[in-house]
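Beneath this line is the structure, given in structure tokens, with notes to follow.
Chains as they are written, first to last, in my numbering: chain R, 22 to 156; chain A, 6 to 117.
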């Protein structure tokens, strides 16, 4: 059965930053396509995959708590970051996406009437994250 | 280990346990923990947060808990690691912000 993202969470192991998250964005990973077309190629250009992939980044949206003393760790060193997926029925351990990561951007809240203050952050995996299925 | 916390006037019996960090990778054909320096904190079997295996790293919970539960987590982590965590962190319980007493300014006042 398909599940929603409800109850997913993220933990920063060293800075200890926590928030009430409204969105944990998906990680986008990419790799280049290296063109290997030569003079004998006919029809379409040909490509091979690059040796390395881009580990990717993801975004966070969270309620901005002005009482919190721990701010998004934009100046922190890379640290272990664990995204915990919702626990599926029958699982005792939720799936995780974890790796070493650091913040590359933080945006504070817009202060306006009638809107909940929210912050945004961009988190860059310093290598490739590891996905571990729930069990 | 079983811990007890007073939550909203009720004695709550909790089992706080520590497991390997759930992230795993394959080394020499064997699935092993990806992070040796972190542990998953479980409260009554449910994943509740993360801590270091040694003192000096923060405890980071993945959802808010009552202060009395957090105190038991602090004690349990200290017993497990043999020292204090650098900080105890959990997401703010924004529901409680609605209960803040803003003082007399919120009360209706009679016009002079």
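Just so it is clear, CB atoms sit at the ideal spot from N, CA and C, and this is done for glycine as well.
Integer-rounded CB distance, given that residue j should sit under 8 Å from residue i
i              : j              : result
residue 142(R) : residue 97(A)  : Contact doesn't hold; Cβ gap of about 16 Å is too wide.
residue 90(A)  : residue 56(A)  : 6 Å
residue 87(A)  : residue 61(A)  : That pair is no contact at about 11 Å.
residue 144(R) : residue 92(R)  : About 14 Å; that fails the 8 Å criterion.
residue 24(R)  : residue 82(R)  : Their Cβ separation, rounded to whole angstroms, is 20 Å, which puts residue 24(R) and residue 82(R) out of contact at 8 Å.
residue 122(R) : residue 52(A)  : With 8 Å as the limit, residue 122(R) and residue 52(A) do not qualify as a contact, their Cβ atoms being about 20 Å apart.
residue 153(R) : residue 105(R) : Residue 153(R) to residue 105(R), Cβ: 10 Å. No contact.
Exposure label - residue i; buried when at least 16 CB within 10 Å
i              : result
residue 19(A)  : buried
residue 103(R) : buried
residue 113(R) : exposed
residue 48(A)  : buried
residue 64(A)  : buried
residue 26(A)  : buried
residue 140(R) : buried
residue 111(R) : exposed
residue 37(A)  : exposed
residue 133(R) : exposed
residue 45(R)  : buried
residue 60(R)  : exposed
residue 77(A)  : buried
residue 46(A)  : buried
residue 54(A)  : buried
C-beta neighbour in chain A for residue i, strict 8 Å
i              : result
residue 37(R)  : yes
residue 115(R) : yes
residue 88(R)  : yes
residue 61(R)  : no
residue 30(R)  : yes
residue 43(R)  : no
residue 153(R) : yes
residue 34(R)  : yes
residue 125(R) : no
residue 105(R) : yes
Any chain R beta carbon closer than 8 Å to residue i
i             : result
residue 33(A) : no
residue 28(A) : yes
residue 23(A) : no
Close Cβ partners of residue i (< 8 Å) along its chain, the five nearest in sequence each way excluded
i              : result
residue 86(R)  : 40, 41
residue 50(R)  : 74, 75, 76, 77, 149
residue 156(R) : 112, 113, 114
residue 94(A)  : 63, 64, 65, 66
residue 50(A)  : 20, 22
Cβ-based neighbour list, residue i, same chain, cut-off 6 Å, excluding 5 preceding and 5 following
i              : result
residue 32(R)  : 103
residue 126(R) : 143
residue 97(R)  : 36
residue 108(R) : 115
residue 71(R)  : 52, 53, 55
residue 157(R) : This structure leaves residue 157(R) out entirely; chain R is present only between 22 and 156.
Contacts around residue i, its chain only, beta-carbon distance under 7 Å, and the 5 residues preceding and following it disregarded
i              : result
residue 120(R) : 102, 146, 148, 149, 150, 151
residue 56(R)  : 66, 68
residue 85(A)  : 23
Tell me the start and end of each unbroken beta strand (DSSP E) in the region 38 to 116 of chain R that is at least 3 residues and wholly inside, in chain order.
-> The region 38 to 116 of chain R contains these whole beta strand (DSSP E) runs: 41 to 45, 49 to 56, 68 to 84, 100 to 105.
Can you check the region 67 to 99 of chain A for any beta strand (DSSP E) of at least 3 residues that lies completely inside it and give the ranges in chain order?
-> List check, beta strand (DSSP E) in window: nothing returned.
Just by C-beta distance, which residues in the region 49 to 63 of chain A are closer than 8 Å to chain C?
-> Among the protein chains in the structure shown, which are R and A, there is no chain C.
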